[in-house]
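Undergrad: What follows is a structure written as structure tokens; I'll ask about it next.
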Amino acid sequence: MSENILSVKNLVIHYETDEEVVEAVNNISFDLKKGEILGLVGETGAGKTTTALGIMGLLPTRVGHVIQGSIELDGENLLEKSPREMRKVRGKKISMIFQDPMTALNPVKTVGDQIAEVVLLHERCSRAEAMIRAQKMLAMVGIVPERYKDYPHQFSGGMKQRIVIAIALACEPELLIADEPTTALDVTIQAQILDMMRKLQKEHNTSMILITHDLGVVAEMCDHCAVMYAGELVEYGTVEDIFDNPQHPYTVALYKSIPSLDKDVDRLHVVPGMVTDPSNLPSGCSFSDRCDKKGDMCNKHEAPGIVDLGNGHLVKCLKYKPEVEEK
Amino acid sequence: MLKYILKRILYLIPILIGVSAIIFALKTVTPGDPARQILGNDATEEQVQEKRDELGLNDPVLVQYVNYVGGIVTRGDFGDSYRTGEPILTEILPRLLTSAKITLGAVMIGAIIGVLLGIISALKKYTWIDSVVLVISMFFQSVPEFVVALVLIMILAVKLHLLPATGITTWQGYIMPMLCIGLSAVAGYTRITRSSMLEVLGEDYIRTARAKGQSEKNITYHHALRNAMIPVAQSLGSNIGNAIGGGMVLETVFGVPGVGKYIVDAITQRNYPGVLGGALIIAIILTLINMIVDISFVLIDPRLKTTIISGGAKKMPKKMKAA
Ligand SMILES: Nc1ncnc2c1ncn2[C@@H]1O[C@H](COP(=O)(O)OP(=O)(O)OP(=O)(O)O)[C@@H](O)[C@H]1O
Ligand code: SF4
Ligand SMILES: [Mg+2]
Numbered sequence: 327m328s329e330n331i332l333s334v335k336n337l338v339i340h341y342e343t344d345e346e347v348v349e350a351v352n353n354i355s356f357d358l359k360k361g362e363i364l365g366l367v368g369e370t371g372a373g374k375t376t377t378a379l380g381i382m383g384l385l386p387t388r389v390g391h392v393i394q395g396s397i398e399l400d401g402e403n404l405l406e407k408s409p410r411e412m413r414k415v416r417g418k419k420i421s422m423i424f425q426d427p428m429t430a431l432n433p434v435k436t437v438g439d440q441i442a443e444v445v446l447l448h449e450r451c452s453r454a455e456a457m458i459r460a461q462k463m464l465a466m467v468g469i470v471p472e473r474y475k476d477y478p479h480q481f482s483g484g485m486k487q488r489i490v491i492a493i494a495l496a497c498e499p500e501l502l503i504a505d506e507p508t509t510a511l512d513v514t515i516q517a518q519i520l521d522m523m524r525k526l527q528k529e530h531n532t533s534m535i536l537i538t539h540d541l542g543v544v545a546e547m548c549d550h551c552a553v554m555y556a557g558e559l560v561e562y563g564t565v566e567d568i569f570d571n572p573q574h575p576y577t578v579a580l581y582k583s584i585p586s587l588d589k590d591v592d593r594l595h596v597v598p599g600m601v602t603d604p605s606n607l608p609s610g611c612s613f614s615d616r617c618d619k620k621g622d623m624c625n626k627h628e629a630p631g632i633v634d635l636g637n638g639h640l641v642k643c644l645k646y647k648p649e650v651e652e653k
Numbered sequence: 012m013l014k015y016i017l018k019r020i021l022y023l024i025p026i027l028i029g030v031s032a033i034i035f036a037l038k039t040v041t042p043g044d045p046a047r048q049i050l051g052n053d054a055t056e057e058q059v060q061e062k063r064d065e066l067g068l069n070d071p072v073l074v075q076y077v078n079y080v081g082g083i084v085t086r087g088d089f090g091d092s093y094r095t096g097e098p099i100l101t102e103i104l105p106r107l108l109t110s111a112k113i114t115l116g117a118v119m120i121g122a123i124i125g126v127l128l129g130i131i132s133a134l135k136k137y138t139w140i141d142s143v144v145l146v147i148s149m150f151f152q153s154v155p156e157f158v159v160a161l162v163l164i165m166i167l168a169v170k171l172h173l174l175p176a177t178g179i180t181t182w183q184g185y186i187m188p189m190l191c192i193g194l195s196a197v198a199g200y201t202r203i204t205r206s207s208m209l210e211v212l213g214e215d216y217i218r219t220a221r222a223k224g225q226s227e228k229n230i231t232y233h234h235a236l237r238n239a240m241i242p243v244a245q246s247l248g249s250n251i252g253n254a255i256g257g258g259m260v261l262e263t264v265f266g267v268p269g270v271g272k273y274i275v276d277a278i279t280q281r282n283y284p285g286v287l288g289g290a291l292i293i294a295i296i297l298t299l300i301n302m303i304v305d306i307s308f309v310l311i312d313p314r315l316k317t318t319i320i321s322g323g324a325k326k327m328p329k330k331m332k333a334a
């Protein structure tokens, strides 16, 4: 167990607004081993970003709440840390790359200073040393260090994302969370960025959670894959398990929906039916409204438990409980 | 950059032609004979006619206008006062200095208090502090400046004898006019600062800064504030305009010998060269200030540098180019 860098257990996150409670993350558990990449897939609204923000301790104040569970990084429960202690973790031990590089950088600060900032925060070094480090980071992500003094608007989207990656990796974090790092980019640039991320991840042996809509990206990059639906982890396994032997009806439907030629980056609801509303979950299995394997028990029964199909291939579906299969 | 400045100066020309033409037109339709006014009721009809010739009042209006504008452009001559016979420019320049001091002080008071209150209420949004700030700034915005002025005179001068009621013979005389004009602008700055601060604090790059492990204090002052100041700076130009407008009235209330009072006096005395010259000079100054404010954005917002230097207001293409 000690090789697990991250261990999330029974995590429940709600957004509580005046009108409603959104059950964004419902009792999910997963582990991440050192140096591995875990792919987190699921449709829009599945709770992927919420999970990531929960780990970062960056849920929107007042609205987002961790209701229960634990998030252990190197055996330390992050949820028990004070805000001050969490600031030492963020940027240093865990970094996050956000979805939209166009807005992720401060428009009135030079990109170099924005990289140097995180170095100054976490490393004992002078301003000059931080600058040199920032220039090295720029070079590492394929941008000439001479552009240190340029502002974000002087870069293209792909280059901005490279800069965001440079910020995230500047302090050599143990864990990198990349939330759809390429969704906002042109298809050709997506590949470049992903190649670069994988190369850097290998070089630094960084553990990584890669959030994406794109199963193709998971197949290419990841060791394990977790499929989320309506705040739940419905299937988890090695990439081989998930790709060669998908078990949950939702995962199967996701495969069917992959467009053959052009990867559609728009947020289409590719699986037939509407995405389940996390503020109004059905009783029993949350996927039951859209499931083509649905049995009589699926709505009546309490939510399906996790079944291990062997070797840690987990699935959360009543099909794999004896009661349903006998029918 | 130079091209941009030149272009802005060229904009002055149509503005000034417009302002001068309107005031000139007013002069021709208002009743009363300036020549008679200058000479008094005792003067003979002959003397008045002579004076009219001397002032060029018998020429067609268009000729008068062209002569006037020509005088300004070639000699910097805004005409002579009907009242004193002194050149308008000589009369106005020292008053301009007085008005400038008051306006500048007022804008500074308004901007500093307003921005501070705006930051506070943004950081404390939806608490009682936010509400109190809102009420106070709304109060000063809705009460007319001259009412505030009279109340201040009542309290500070008449009752407490802290400040002189009128006049600027001592430096204390400046305080009340500055306060009145400044306070009325506070609400505007507070509202702009609060809303832009709240908007900026919700931006993705603030989340990026949090993800770096930056403290909330540094996020507010190093990341949010400068971005939030962009709309505040943009409002500065029109706020200075308002302050000058407010100054016109208040200079009369406080008996401050500034340009505002000069123009008001000139109007009551039918001293048209005074009105015209005063209005034109203020129009020139306002345009120049707006230009300086616009240029100073570049210092705050690096994105403008490229657009301004390259001359056009071309936006960055939305679609990204290759990395
Ligand atoms: N600040 C918030 N307040 C209320 N509800 C929220 C908030 N942020 C997210 N939600 C809700 O929580 C649910 C999960 O959202 P989340 O952003 O985690 O989804 P996601 O899987 O990242 O989707 P996407 O693929 O679109 O990024 C959604 O139903 C969303 O509407
Ligand atoms: S539990 Fe029932 S409804 Fe849910 S996924 Fe399995 S078969 Fe479908
Ligand atoms: Mg998301």
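So the protein lines, in turn, are chains A and U.
Anchor point for the first sequence: position 154 equals 480 in my numbering, and the numbering is continuous, going up by one each time.
Anchor point for the second sequence: position 237 equals 248 in my numbering, and the numbering is continuous, going up by one each time.
Backbone N, C-alpha and C fix where the C-beta goes; we use that ideal spot for every residue, glycine too.
1) Pairs of beta-carbons, one from the segment 356 to 366 of chain A and one from the segment 546 to 566 of chain A, closer than 8 Å: are there three or more?
2) Return the CA-CA distance between Gln503 of chain A and Ile241 of chain U, expressed in angstroms with no decimal places.
3) Check Ile26 of chain U in the structure and name its three-state DSSP category.
4) Can you give me the Cβ contacts of Arg94 of chain U inside the same chain, cut-off strictly under 7 Å, excluding the 5 residues immediately before and after it?
5) Ordered along the chain, which non-local residues of its own chain (more than five positions away) have a Cβ less than 8 Å from that of Pro328 of chain U?
6) If we define contact as Cβ-Cβ less than 9 Å, is Ala430 of chain A a contact residue for chain U?
7) Under 9 Å, do Leu297 of chain U and Ile251 of chain U count as touching if we go by C-beta distance?
8) Can you tell which of A:Tyr646, A:Leu446, A:Val553 has the C-alpha that lies nearest to the C-alpha of Thr538 of chain A?
9) By the criterion of Cβ-Cβ separation under 7 Å, what are the contact partners of Ser142 of chain U in chain A?
10) Between Met534 of chain A and chain U, is any beta-carbon pair separated by less than 9 Å?
11) Could you work out which residue in U:Ile303, U:Asp88, U:Val158 is closest to Leu190 of chain U when comparing CA atoms only?
12) Less than 6 Å between C-beta atoms, sequence neighbours within five positions excluded: which residues of the same chain meet that for His639 of chain A?
13) Quick check on this structure: which residue in A:Tyr581, A:His574, A:Val601, A:Gly417 has the alpha carbon closest to the alpha carbon of Lys620 of chain A?
14) Cβ of Glu210 of chain U less than 9 Å from any chain A Cβ?
15) Report yes if the C-beta distance between Glu349 of chain A and Pro604 of chain A is below 9 Å; otherwise report no.
16) Taking any Cβ of chain U, which residues in the segment 451 to 465 of chain A have a Cβ under 9 Å from it, in chain order?
17) Does ligand 1 have even one heavy atom less than 8 Å from the beta-carbon of Met554 of chain A?
18) Closer than 8 Å to a non-hydrogen atom of ligand 2 - does that hold for the CB of Val601 of chain A?
19) Could you tell me which residues DSSP pairs with His391 of chain A in its beta bridges?
20) Under 8 Å from any heavy atom of ligand 3, does the C-beta of Glu506 of chain A make it?
21) Exposed or buried, what is Tyr200 of chain U when buried is set at 16 or more other beta-carbons lying within 10 Å of its beta-carbon?
22) Report the three-state DSSP secondary structure of Asp549 of chain A (helix, strand or coil).
23) For Phe481 of chain A, which three-state DSSP category applies?
24) In angstroms, rounded to a whole number, what distance separates the CA positions of Leu2 of chain U and Pro478 of chain A?
25) If contact means a Cβ-Cβ distance below 7 Å, which residues of the segment 221 to 244 of chain U contact chain A?
26) Can you find a CB in chain U that lies within less than 9 Å of the CB of His595 of chain A?
TA: Based on what the coordinates show:
1) Taking 8 Å as the limit for Cβ pairs, the verdict is that the segment 546 to 566 of chain A does touch the segment 356 to 366 of chain A.
2) For this step, residue 503 of chain A is matched to residue 177 along the first sequence. For this step, residue 241 of chain U is matched to residue 230 along the second sequence. The residue you asked about is not Gln; residue 503 of chain A is Ile in the sequence shown. Linking Ile503 of chain A to Ile241 of chain U through their CA atoms gives a straight-line distance of about 33 Å.
3) Position 15 of the second sequence holds residue 26 of chain U. Residue state, collapsed to three classes: helix.
4) Taking the first residue of the second sequence as position 1, residue 94 of chain U is located at position 83. The answer, listed in chain order, is Gln280, Asn282.
5) For the purposes of this step, residue 328 of chain U is taken as the residue at position 317 of the second sequence. Unreliable placement is indicated for Pro328 of chain U, whose pLDDT of 41 sits below 50; the coordinate value is still reported in the next sentence. Excluding sequence neighbours, Pro328 of chain U sits near nothing in its chain.
6) Here residue 430 of chain A is taken as the residue at index 104 of the first sequence, counted from 1. Interface residue, yes.
7) Indexing the second sequence from 1 puts residue 297 of chain U at position 286. Indexing the second sequence from 1 puts residue 251 of chain U at position 240. A contact, by the Cβ cut-off of 9 Å.
8) Mapped onto the first sequence, residue 538 of chain A falls at position 212. Nearest C-alpha to Thr538 of chain A among A:Tyr646, A:Leu446, A:Val553: A:Val553.
9) Position 131 of the second sequence, counting from 1, holds the residue named residue 142 of chain U. Chain A residues near Ser142 of chain U: none, gap ~18 Å exceeds 7 Å.
10) Here residue 534 of chain A is taken as the residue at index 208 of the first sequence, counted from 1. The beta carbon of Met534 of chain A does not come within 9 Å of any beta carbon belonging to chain U, so the residue lies off that interface.
11) Counting from one through the second sequence, the residue named residue 190 of chain U turns up at place 179. Leu190 of chain U has its Cα closest to that of U:Val158, out of U:Ile303, U:Asp88, U:Val158.
12) Position 313 of the first sequence, counted from the start, is the residue given in the question as residue 639 of chain A. The beta carbon of His639 of chain A sits closer than 6 Å to the beta carbons of Gly563, Asp567 from its chain, once the five residues preceding and following it are set aside; these are given in chain order.
13) If you number the first sequence from 1, residue 620 of chain A lands on position 294. Closest option to Lys620 of chain A, Cα to Cα, is A:His574.
14) Working through the second sequence from its first residue, we reach residue 210 of chain U at position 199. No, Glu210 of chain U lies away from the interface with chain A (no Cβ there is under 9 Å from its Cβ).
15) Here residue 349 of chain A corresponds to residue number 23 of the first sequence, with the count starting at 1. Here residue 604 of chain A corresponds to residue number 278 of the first sequence, with the count starting at 1. In this structure, Glu349 of chain A sits near Pro604 of chain A, with a CB-CB distance shorter than 9 Å.
16) Those would be none; no residue qualifies.
17) As a working mapping, residue 554 of chain A is identified with position 228 in the first sequence. Yes; taking the cut-off as 8 Å, the Cβ of Met554 of chain A has a heavy atom of ligand 1 nearer than that.
18) Looking up residue 601 of chain A in the first sequence gives position 275. Not under cutoff, so the answer is no.
19) On the first sequence, residue 391 of chain A is found 65 positions in, with the first residue counted as 1. The partner list for His391 of chain A (beta bridge, DSSP) reads A:His340.
20) By 1-based counting over the first sequence, the position of residue 506 of chain A is 180. Checking the Cβ of Glu506 of chain A against ligand 3 gives yes.
21) Counted from its first residue, the second sequence places residue 200 of chain U at position 189. With 16 or more other CB atoms across the displayed protein chains lying within 10 angstroms of its CB, Tyr200 of chain U is buried.
22) Position 223 of the first sequence, counted from the first residue, corresponds to residue 549 of chain A. The answer is coil: DSSP assigns Asp549 of chain A none of H, G, I, E or B.
23) Translated into the one-based positions of the first sequence, residue 481 of chain A becomes position 155. Phe481 of chain A falls in the coil class under three-state DSSP.
24) The question about residue 2 of chain U has no answer here: the residues shown for chain U are numbered 12 through 334.
25) Only those residues of the segment 221 to 244 of chain U whose C-beta falls short of 7 Å from the nearest C-beta of chain A are listed: Arg221, Ala222, Lys223, Gly224, Gln225, Ser226, His234, Arg237, Asn238.
26) As a working note, residue 595 of chain A is residue 269 in the first sequence. The predicted model places His595 of chain A with a pLDDT of 46, which falls under 50 and marks its position as unreliable, so this point remains unresolved.
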